[in-house]
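Engineer:
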Amino acid sequence: MSEKNETIASIAPKEVIITRIINAPRELVFEVYTNPEHVAKWFGPRIFTGTAEAELRKGGAYRYEMIGTDQAPPE
Numbered sequence: 000m001s002e003k004n005e006t007i008a009s010i011a012p013k014e015v016i017i018t019r020i021i022n023a024p025r026e027l028v029f030e031v032y033t034n035p036e037h038v039a040k041w042f043g044p045r046i047f048t049g050t051a052e053a054e055l056r057k058g059g060a061y062r063y064e065m066i067g068t069d070q071a072p073p074e
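Everything in the sequence shown is counted per my numbering, starting at 0 for the first residue and increasing by one.
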């Protein structure tokens, strides 16, 4: 396992591929990326708050909303 976190990006026509190497167990990384409670706490800039919804199944949906400090919260 790598000693540090890494991000590798490459660009091709109409395609962007970003690979992240995260120094953490695979199960933990999956949990924090797929559990809306975790995502809302860490994803995005620190000055934003967020909400997340996930329906992780074939044909499901994943939605994340970042709310800036100058925006009213969603109703």
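Beta carbons: idealized from backbone N, C-alpha and C, even for Gly.
Beta-carbon within less than 6 Å of residue 68's beta-carbon, same chain only, minus the 5 sequence neighbours each way: which residues are those?
Structural biologist: For residue 68, where only same-chain residues beyond five positions count, the Cβ hits under 6 Å are 46.
Engineer: Classify residue 45 as helix, strand or coil using the three-state DSSP reduction.
Structural biologist: Note: residue 45 maps to coil in three-state DSSP.
Engineer: What runs of the alpha helix (DSSP H), each 4 residues or longer, lie entirely inside the stretch 9–53?
Structural biologist: Listed in chain order, the complete alpha helix (DSSP H) runs (minimum 4 residues) inside the stretch 9–53 are 25–33, 35–41.
Engineer: Rounded to whole angstroms, what's the CA-CA distance from residue 30 to residue 37? Just pull it up for me.
Structural biologist: Distance between the alpha carbons of residue 30 and residue 37 is about 8 Å.
Engineer: Report yes if the CB atom of residue 21 is closer than 7 Å to the CB atom of residue 28, and no otherwise.
Structural biologist: Their beta carbons are under 7 Å apart, which means residue 21 touches residue 28 by this criterion.
Engineer: I think residue 80 touches residue 60, with their Cβ atoms under 8 Å apart; what is that distance to the nearest whole Å?
Structural biologist: Nothing can be reported for residue 80, as the shown portion of the chain is limited to 0 through 74.
Engineer: Among all the DSSP beta bridges, which residues are the ones paired with residue 6?
Structural biologist: DSSP output for residue 6 lists 19 as bridge partner(s).
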